[in-house]
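J.: Dropping the structure in here first, questions after.
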Amino acid sequence: MEEGHRLPYVELPAFQGPLDLLLHLIQQEKVDIWDIPIARIADQFVEVVREMENLDMEVTSEFLVLAAQLLYLKSLYLLPKPKPEKEETEEEDPRRELLERLLAYRSFKQAAEVLASYESASGHPYFREIDVEEIISSFSSKEDPLTEVGFGDLLEAFRRVFERAEQGEEIQRIAPEAITIEEMAQDVLRRVVLHAKGIRFQELLRFNSRLEIVMAFLSVLELLKAGKIRAEQPSVRSEITVFPTETALQDLDEDNSK
Amino acid sequence: MLFREKEMAALEALLFVAKDPLTIETLAELVDLAPHEAAELVQELEQKYKASEHGLALIRINDGFKLGTKPELAPYIEALYKQPAQGLSAAALEVLSIIAYKQPTTRGEIDFLRGVQSDRAVATLVEKGLVKEVGRKDGPGRPVLFGTTEQFLVHFGLSSLSELPSLDTEAFAESAGTAEEEE
Amino acid sequence: MLFREKEMAALEALLFVAKDPLTIETLAELVDLAPHEAAELVQELEQKYKASEHGLALIRINDGFKLGTKPELAPYIEALYKQPAQGLSAAALEVLSIIAYKQPTTRGEIDFLRGVQSDRAVATLVEKGLVKEVGRKDGPGRPVLFGTTEQFLVHFGLSSLSELPSLDTEAFAESAGTAEEEE
Chain A
495 MEEGHRLPYV ELPAFQGPLD LLLHLIQQEK VDIWDIPIAR IADQFVEVVR EMENLDMEVT
555 SEFLVLAAQL LYLKSLYLLP KPKPEKEETE EEDPRRELLE RLLAYRSFKQ AAEVLASYES
615 ASGHPYFREI DVEEIISSFS SKEDPLTEVG FGDLLEAFRR VFERAEQGEE IQRIAPEAIT
675 IEEMAQDVLR RVVLHAKGIR FQELLRFNSR LEIVMAFLSV LELLKAGKIR AEQPSVRSEI
735 TVFPTETALQ DLDEDNSK
Chain B
184 MLFREKEMAA LEALLFVAKD PLTIETLAEL VDLAPHEAAE LVQELEQKYK ASEHGLALIR
244 INDGFKLGTK PELAPYIEAL YKQPAQGLSA AALEVLSIIA YKQPTTRGEI DFLRGVQSDR
304 AVATLVEKGL VKEVGRKDGP GRPVLFGTTE QFLVHFGLSS LSELPSLDTE AFAESAGTAE
364 EEE
Chain C
184 MLFREKEMAA LEALLFVAKD PLTIETLAEL VDLAPHEAAE LVQELEQKYK ASEHGLALIR
244 INDGFKLGTK PELAPYIEAL YKQPAQGLSA AALEVLSIIA YKQPTTRGEI DFLRGVQSDR
304 AVATLVEKGL VKEVGRKDGP GRPVLFGTTE QFLVHFGLSS LSELPSLDTE AFAESAGTAE
364 EEE
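Chains as they are written, first to last, in the working numbering: chain A, 495 to 752; chain B, 184 to 366; chain C, 184 to 366.
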């Protein structure tokens with residue numbers, strides 16, 4: 495190296511990466527990127543990286559990789575060329591890939607500088623923070639969630655509840671013999687609750703088997719004892735009608751809150 | 184104060200972005216004016232927005248101000264934020280029917296009658312304003328009692344709950360039986 | 184169109200409450216006007232706000248409009264928020280320019296173009312809402328693709344990506360090919 499060759503002046507911390515550093519060195523040479531003196535630039539690059547290490551700065555592997563690449567390119571120029579120069583095409587320029595990358599990097603860096611100037615130039619507009627939920631909830635006439643729902647639909651929905659209670663889906667799936675008094679009582683109570691005006695004992699039966707009649711009767715007795723239903727029988731021969739009591743509903747809530 | 188154009192513009196911008204209302208004192212400090220001057224400008228702004236070609240208005244909340252839209256333009260904003268009509272789920276409709284006919288009623292009763300947990304459906308109905316808490320039931324746990332809302336009545340064009348068509352439970356029972364046979 | 188006062192007011196209110204920029208078509212539909220009439224009113228509004236005593240401005244973002252504050256009043260708003268405008272770091276700006284010009288693009292491509300890892304900067308930009316994931320690239324690892332947001336346009340006072348300053352070098356296009364191969 496020539497004696498007295500000035501150290502590249504660099505503000506070390508400002509580099510965004512090895513390409514940034516390389517670009518900086520080339521710009522100091524004031525030559526076109528395609529005409530860079532690769533040997534000198536390579537030396538300078540290595541020197542700056544060493545300097546960075548001396549300053550205990552973070553020298554990422556990317557810097558070292560590029561330094562190696564530059565030294566390799568430098569070595570190519572020091573070796574005698576095997577081929578006559580006239581056949582050399584641009585594609586064979588070993589610097590090509592690196593320099594293209596550098597050019598691309600330079601254009602993005604310039605674009606970044608333009609963006610920075612936009613950013614600081616005039617400030618930018620501010621917008622309101624829009625709380626969509628709040629806006630929607632402020633509407634005086636809320637969207638009617640019942641659009642296209644009529645009485646028919648409401649009654650139909652209620653009928654479905656009834657239907658399920660009447661069918662006692664679970665009860666039907668399981669053979670009555672396998673059902674406990676408690677389960678049977680639940681089933682009976684559900685239907686009694688739905689029939690505020692009372693339901694006849696006969697209506698509680700689905701299978702009409704002796705066993706079911708016995709089970710249902712025991713259930714009614716249990717529910718009567720618990721005060722959840724009350725029963726009316728105008729005469730010994732007439733049918734028993736059962737009604738829900740207040741207690742029945744109270745217990746539901748108790749069960750539910752458990 | 185026609186020559187206070189920059190301060191006027193700044194006030195407008197501040198009142199525009201403010202989430203919480205800004206007091207005259209805050210505004211005055213931000214635009215570097217005496218409070219009485221700021222107050223004067225705010226008043227001017229308020230007047231300006233009163234013109235019918237303006238859709239904004241100065242809204243006064245307690246001691247503060249912010250920009251908002253004129254109340255009469257709400258329908259346009261509703262149209263902008265109109266959400267696709269979301270029908271009620273079958274479950275929600277069932278719960279609604281139970282509440283409508285058995286009100287006031289509790290979650291426990293609803294669950295029991297449907298044979299399944301109904302908390303989600305109840306919450307949806309409350310959120311949509313069709314159902315509301317109407318009190319608490321005496322007894323253990325004092326469970327919440329639910330009833331239908333005015334919105335519910337409005338939708339069905341009822342002036343009171345007594346106008347709900349009566350429920351013929353007998354007919355229901357029969358139709359349920361029929362449905363069973365058909366199955 | 185001085186007699187279109189109500190529509191004018193409605194437009195102003197809509198542009199005030201809109202979360203996303205509204206197109207002329209949407210506005211026209213909402214205020215029940217023909218698109219060319221709505222466009223005329225919007226332009227009138229834009230002009231009106233240009234007067235120096237107004238702090239608001241009609242901001243054009245892509246094909247849409249929304250109301251915002253005039254850029255030059257930003258210091259007042261930053262004072263209100265007690266948030267001095269913080270510029271982006273040089274690294275973030277580099278990454279942002281790469282994403283802006285090459286979107287949709289991947290972290291791999293950004294790293295290659297900058298010659299340095301950019302994950303921190305990308306994360307910062309995503310956090311600031313200037314950049315977002317826009318999909319995934321086909322191919323090994325299905326890397327995330329990044330693109331700029333509307334907030335990006337607003338932040339730099341651009342109304343669309345086409346207003347980005349043009350990149351100067353012809354090597355730009357070629358380098359794209361190289362980066363592709365490297366990945």
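Glycine included, C-beta positions come from ideal geometry on N, C-alpha and C.
Go to V305 of chain C, then tell me how far its alpha helix (DSSP H) extends in each direction, as first and last residue.
T.: It spans D302 to E310 - the alpha helix (DSSP H) in which V305 of chain C sits, taken as one unbroken run.
J.: Sort A:L717, A:A679 and A:S729 by Cα distance to T741 of chain A and report the nearest one.
T.: A:L717
J.: Could you compute how far the alpha carbon of L224 of chain C sits from the alpha carbon of I244 of chain C?
T.: 18 Å
J.: Anything in the region 225-253 of chain C with a Cβ closer than 7 Å to a Cβ of chain B? List those residues in chain order, please.
T.: S235, E236, H237, G238, L239, T252 and K253
J.: Chain C beta carbons: is any one of them nearer than 8 Å to that of G721 of chain A?
T.: no
J.: Out of curiosity, what's the CA-to-CA distance linking Y566 of chain A and G324 of chain C?
T.: So the two alpha carbons sit approximately 32 Å from each other.
J.: Kindly indicate which three-state DSSP category F248 of chain C falls into: helix, strand or coil?
T.: strand
J.: For E208 of chain B, decide whether its Cβ has a neighbour in chain C, counting only Cβ atoms nearer than 8 Å.
T.: no
J.: Please report the residue range of the beta strand (DSSP E) in which A725 of chain A lies.
T.: I723 to E726
J.: With a cut-off of 8 Å, does the C-beta of S358 of chain C fall near any C-beta of chain A?
T.: Annotation note: pLDDT 43 at S358 of chain C (below 50); position unreliable, coordinate value reported separately. So, interface residue.
J.: Looking at the structure shown, is E363 of chain C part of a helix, part of a strand, or coil, going by DSSP?
T.: Note that E363 of chain C has pLDDT 40, beneath the 50 cutoff, so the model's placement of it is unreliable and no number is given.
J.: Are any of the Cβ atoms in chain A nearer than 8 Å to that of F339 of chain C?
T.: yes
J.: Looking only at its chain, what residues have a beta carbon closer than 6 Å to the beta carbon of L250 of chain C, apart from the 5 residues adjacent to it on each side?
T.: Cβ neighbours of L250 of chain C beyond the five flanking positions: L198, F199 and L239.
J.: At what residues does the alpha helix (DSSP H) containing V278 of chain C begin and finish?
T.: A273 to K285
J.: Excluding the 5 residues flanking R589 of chain A on each side, which residues of the same chain have their C-beta closer than 7 Å to its C-beta?
T.: Counting only Cβ-Cβ distances below 7 Å, and skipping sequence neighbours, we find I532 and L567.
J.: Skipping 5 residues on each side, what residues in its chain have a beta carbon closer than 7 Å to that of E277 of chain B?
T.: R297
J.: Less than 8 Å between the CB atoms is what I'm expecting for E188 of chain B and S235 of chain C, so what's the real figure, rounded?
T.: 5 Å
J.: Going by beta carbon distance, what residues of the same chain come within less than 7 Å of I260 of chain C, once the five residues before and after it are set aside?
T.: Same-chain partners within the cutoff: T252.
J.: If I measure Cβ to Cβ from S343 of chain B and keep anything under 8 Å in the same chain, skipping five residues before and after, which residues do I get?
T.: L336
J.: Using a C-beta to C-beta distance shorter than 8 Å, which residues of chain B count as neighbours of L194 of chain C?
T.: Under the 8 Å cutoff, chain B gives G238.
J.: Using only alpha-carbon positions, find the residue among B:L313, B:V309, B:T289 and B:A221 that is nearest to F248 of chain B.
T.: B:A221
J.: In this structure, does DSSP put F186 of chain C in helix, strand or coil?
T.: It is coil, neither helix nor strand.
J.: I557 of chain A: which of A:L592, A:E733 and A:F539 sits nearest, CA to CA?
T.: Per the sequence shown, the amino acid found at residue 557 of chain A is Phe instead of Ile. Nearest option by C-alpha distance: A:F539.
J.: Considering only the beta carbon of each residue, do T307 of chain B and A275 of chain B sit closer than 8 Å?
T.: yes
J.: Quick check on G270 of chain C - is its C-beta less than 8 Å from some C-beta in chain A?
T.: Output row for G270 of chain C: interface = yes.
J.: Quick one: does I282 of chain C have its CB under 8 Å from some CB of chain B?
T.: No, because no Cβ of chain B sits closer than 8 Å to the Cβ of I282 of chain C.
J.: According to DSSP, is E236 of chain B part of a helix, a strand, or is it coil?
T.: coil
J.: Straight-line CA distance for T288 of chain B to Q286 of chain C?
T.: 59 Å
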